[in-house]
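Take a look at the structure below.
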């Protein structure tokens, strides 16, 4: 069984307000890419990755007239993809939803949120992700109240052929940028505030993970974390990055989640430069690469399935690089690249 996460940049801009695909020669929101070309590239990537279930980060919008599930199912039907079904969790106000597409002949999927409803008036352990989380993230004796701009999607998944069930949490923790800061002092203050928010969201996710691990639930947490091991600025002010918190590096070793790419990048002395994304930095006229997307497994799931990970990078993955059509599709579709894991049930 193959599971993947894929952040698709400006996916929602490929649909009109009635969820119809815009397959025309107008420019997409991707630089120098037409809408029909981006849509075709996205479909090509999904087809070639061939995941049984794929988390779509920044999925099409749900709003007054738009619907994420309808848009995704229209997309997969139009391009003849086997991932015919879609599911989503909580809608949000950002036009970037968290959703999954999947092959209904391979897996069954149901949205199954956990936790108590909380308005943040008092502390609660791992409250529901569409509520509020009260926590003293910087240990200064003062609680703060946090919430997700993109609440994680929580799924109960069953692999039909083996009847294996597992929990799957799709995430996109994100905080505001320092846009609008007029002085260096304001920029630093906003940056610290954003980092506290991002870390609090990851602590919240980790608390949910702890509950599932205590219950013996096989668990997968995946998505775009906007963060990485040893993320700059973390260690000077905070003990760990958000990714390290979710992986459980403050927890007993037996409760650590497994993610080999994150583990490799924790070693600052090694020379690897793994990445799952590529952004153009106009100031320097260069592309910047970053490791932001992960698929984390509970140890029982990892050991039982002989899991194998892959980053579908157009330049760093030899097969993707040699395959011109796949390489160009990856570059046209998004500024992120899929990450997959193969599980042998």
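Residue numbers (the numbering used here): 1235 to 1579. All residues carry an ideal CB built from backbone N, CA and C; glycine is no exception.
Residue i versus residue j: straight-line alpha-carbon distance, rounded
i	j	result
residue 1280	residue 1572	9 Å
residue 1366	residue 1442	14 Å
residue 1379	residue 1368	4 Å
residue 1469	residue 1563	Unreliable placement is indicated for residue 1469, whose pLDDT of 49 sits below 50; the coordinate value is still reported in the next sentence. Residue 1469 and residue 1563: Cα-Cα distance of roughly 37 Å.
residue 1284	residue 1529	16 Å
residue 1260	residue 1385	32 Å
residue 1581	residue 1252	Residue 1581 lies beyond the range of the chain shown here (1235 to 1579); nothing can be said about it.
residue 1314	residue 1250	20 Å
residue 1335	residue 1307	8 Å
residue 1226	residue 1514	Because residue 1226 is not part of the residues shown, which for the chain are 1235 to 1579, the question remains open.
residue 1382	residue 1327	11 Å
residue 1303	residue 1390	17 Å
residue 1406	residue 1542	23 Å
residue 1486	residue 1566	42 Å
residue 1467	residue 1377	With a pLDDT of 49 at residue 1467, under the threshold of 50, the modelled position of that residue is not reliable, and the figure given next carries that caveat. For residue 1467 and residue 1377, the distance between alpha carbons rounds to 22 Å.
residue 1423	residue 1437	21 Å
residue 1570	residue 1255	21 Å
residue 1538	residue 1300	41 Å
residue 1289	residue 1521	25 Å
residue 1519	residue 1364	40 Å
residue 1490	residue 1257	44 Å
residue 1402	residue 1370	27 Å
residue 1447	residue 1533	9 Å
residue 1496	residue 1477	8 Å
From the options, residue whose alpha carbon lies closest to that of residue i
i	options	result
residue 1578	1404, 1428, 1273, 1540	1540
residue 1295	1277, 1317, 1325, 1258	1325
residue 1248	1527, 1267, 1238	1267
residue 1589	1356, 1340, 1362	There is simply no residue 1589 to check, as the chain begins at 1235 and stops at 1579 in what is shown.
residue 1459	1341, 1446, 1311, 1434	1434
residue 1310	1445, 1569, 1278, 1462	1278
residue 1508	1489, 1462, 1519, 1490	1462
residue 1397	1449, 1355, 1342, 1354	1342
residue 1242	1510, 1551, 1339, 1556	1510
residue 1340	1357, 1317, 1272	1317
residue 1474	1429, 1276, 1446	1429
residue 1516	1235, 1323, 1265, 1421	1265
residue 1493	1287, 1455, 1549, 1305	1455
residue 1330	1457, 1269, 1546	1457
CB-CB length for residue i against residue j, believed under 8 Å
i	j	result
residue 1333	residue 1321	7 Å
residue 1453	residue 1535	7 Å
residue 1387	residue 1345	7 Å
Coil, strand or helix - residue i by DSSP
i	result
residue 1567	helix
residue 1364	coil
residue 1541	coil
residue 1418	helix
residue 1574	strand
residue 1441	helix
residue 1446	helix
residue 1560	helix
residue 1373	coil
residue 1381	coil
residue 1389	strand
residue 1398	strand
residue 1344	strand
residue 1358	coil
residue 1426	helix
residue 1451	coil
residue 1458	strand
Problem set entry | Every unbroken beta strand (DSSP E) inside the stretch 1463 to 1535 [3 residues or more] | With a minimum length of 3 residues, the continuous beta strand (DSSP E) runs that stay inside the stretch 1463 to 1535 are 1511 to 1515, 1520 to 1524, 1527 to 1531.
Problem set entry | Length-filtered (4 minimum) alpha helix (DSSP H) runs lying within the stretch 1250 to 1283 | 1269 to 1283
Exercise. In chain order, which alpha helix (DSSP H) runs of at least 4 residues are fully inside the stretch 1311 to 1337?
Worked result: none
Problem set entry | beta strand (DSSP E) runs wholly inside the stretch 1283 to 1310, at least 3 long, in chain order | Listed in chain order, the complete beta strand (DSSP E) runs (minimum 3 residues) inside the stretch 1283 to 1310 are 1287 to 1293.
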